[in-house]
Amino acid sequence: MGALLALSSAVVYGVVDFAGGLLSRHVHHTAVSFLGQVGGLLLACAAALLMPADAVHGTDLLWGALSGVGSGVAMRFLNQGLSRGAMSVVVPVSAVTGVVLSVLCGVLVLGDRPGTVAWLGIVVTVPALWLVSGGRAGAGRETADGLLASVGVAVQYLALGQAGPGSGLWPVAAGRVAAVLVLLPDAVRHARRLRLPPGRCVQALLIGAGAALGLVLYLLAAQRQLLAVAVVVASLYPALPVILGLALLHERISTRQATGLLGAGVATVLLTLG
Numbered sequence: 539m540g541a542l543l544a545l546s547s548a549v550v551y552g553v554v555d556f557a558g559g560l561l562s563r564h565v566h567h568t569a570v571s572f573l574g575q576v577g578g579l580l581l582a583c584a585a586a587l588l589m590p591a592d593a594v595h596g597t598d599l600l601w602g603a604l605s606g607v608g609s610g611v612a613m614r615f616l617n618q619g620l621s622r623g624a625m626s627v628v629v630p631v632s633a634v635t636g637v638v639l640s641v642l643c644g645v646l647v648l649g650d651r652p653g654t655v656a657w658l659g660i661v662v663t664v665p666a667l668w669l670v671s672g673g674r675a676g677a678g679r680e681t682a683d684g685l686l687a688s689v690g691v692a693v694q695y696l697a698l699g700q701a702g703p704g705s706g707l708w709p710v711a712a713g714r715v716a717a718v719l720v721l722l723p724d725a726v727r728h729a730r731r732l733r734l735p736p737g738r739c740v741q742a743l744l745i746g747a748g749a750a751l752g753l754v755l756y757l758l759a760a761q762r763q764l765l766a767v768a769v770v771v772a773s774l775y776p777a778l779p780v781i782l783g784l785a786l787l788h789e790r791i792s793t794r795q796a797t798g799l800l801g802a803g804v805a806t807v808l809l810t811l812g
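Under this note's numbering, the first residue of the sequence shown is numbered 539, with each subsequent residue one higher.
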């Protein structure tokens, strides 16, 4: 059940990334990021109110807030890198490095002990994500953006996984508050960019709400699954934008990406069995 929830989180995140990428072609990435977090905050608060919480402790909210800081940092540097037209560098660096950091922290710090089959799935996932994202390396500011984004991704997943199961979804809501605050300085600096037509504004809010839903599913998965495994399965999301691009935008797929998609499928099976 935990692996299925983590996979559902990856699917939701993949759709959100695809939609966010399309919207970013028409409006400034600051508006997509900030308004998206506002939409995520609205959904997270509504979901937290609907889902009973046995006992919400201050530490749970602090872990959620730290996760939100990670989300804000990841969004900030990922979009900065993408604004430089370096998707083939930023996406693989952030995705793969984020997985590696999360798994290492889960095993070395939190005491996770994945089984042999799960370890094999983890090992397969890293090159699979790299190939799906384009299989290219880069240098300079783009790589720095990707590395900083990956730290945010790792913090987002690891911190949220520490929230107690009795806290319900309030850690996700606390995280959205923190993410909004992290992105607020950029939003103030680019205030004119936030003046969107109503339709675009609604799209940005819905994209952020989808990202919050992905985190809700991940939190539920982390409560039922080893954190290292939940992180890796949830991090398979880069595969879906590639598939959607093929199906809806008639984009071409490279041999490397096809190999990566196959590897991601194998990794999913191994992690589910492990």
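Ideal Cβ positions, reconstructed from N, Cα and C, are used throughout, including at glycine.
Would you say residue i and residue j are within 8 angstroms of each other, going by their C-beta atoms?
i	j	result
Gly606	Val715	yes
Gly576	Gly746	The question names Gly, but residue 576 is Val in the sequence shown. Yes.
Ser705	Val565	no
Asp598	Gly702	yes
Leu753	Gly552	no
Ala750	Ala582	yes
Ala711	Leu604	no
Leu743	Ser546	no
Leu698	Gly713	yes
Ala805	Ala666	yes
Figure out for me which residue from the options has the closest Cα to the Cα of residue i.
i	options	result
Asp650	Ala725, Gln795 and Ala766	Ala766
Ser640	Tyr695, Leu686 and Leu588	Tyr695
Gly540	Gly798, Gln761, Gly783 and Val754	Gln761
Gly719	Ser546, Met613 and Asp683	It should be noted that the sequence gives Leu, not Gly, for residue 719. Per the Cα distances, Met613.
Cys739	Arg794, Ala548, Phe572 and Val710	Phe572
His567	Trp668, Gly552, Leu599 and Arg727	Arg727
Gly636	Pro665, Ala548, Ala666 and Ser688	Ser688
Leu764	Val710, Trp657 and Gly559	Trp657
Gly798	Ala759, Leu669, Ala768 and Ala785	Leu669
Gly748	Leu560, Leu561 and Gly574	Gly574
Ala682	Leu560, Leu648, Gln618 and Arg563	Gln618
Is the closest heavy atom of the ligand MN to the C-beta of residue i under 7 angstroms?
i	result
Pro703	Here there are no bound small molecules, and the ligand MN is not part of this structure.
Drop a sphere of 10 angstroms on the beta-carbon of residue i, count the other beta-carbons inside from all chains shown, and report buried for 16 or more, exposed for fewer.
i	result
Leu722	exposed
Asp555	buried
Pro590	exposed
Pro709	buried
Val769	buried
Pro652	buried
Gly602	buried
Ala677	At Ala677, the pLDDT of 48 sits below 50, so the modelled position is not reliable and the matter cannot be decided from this model.
Identify every run of the alpha helix (DSSP H) within the region 707-761, keeping only runs that are complete inside it and at least 4 residues long; order them along the chain. DSSP runs (the alpha helix (DSSP H)) wholly in the region 707-761: 708-727 and 736-760.
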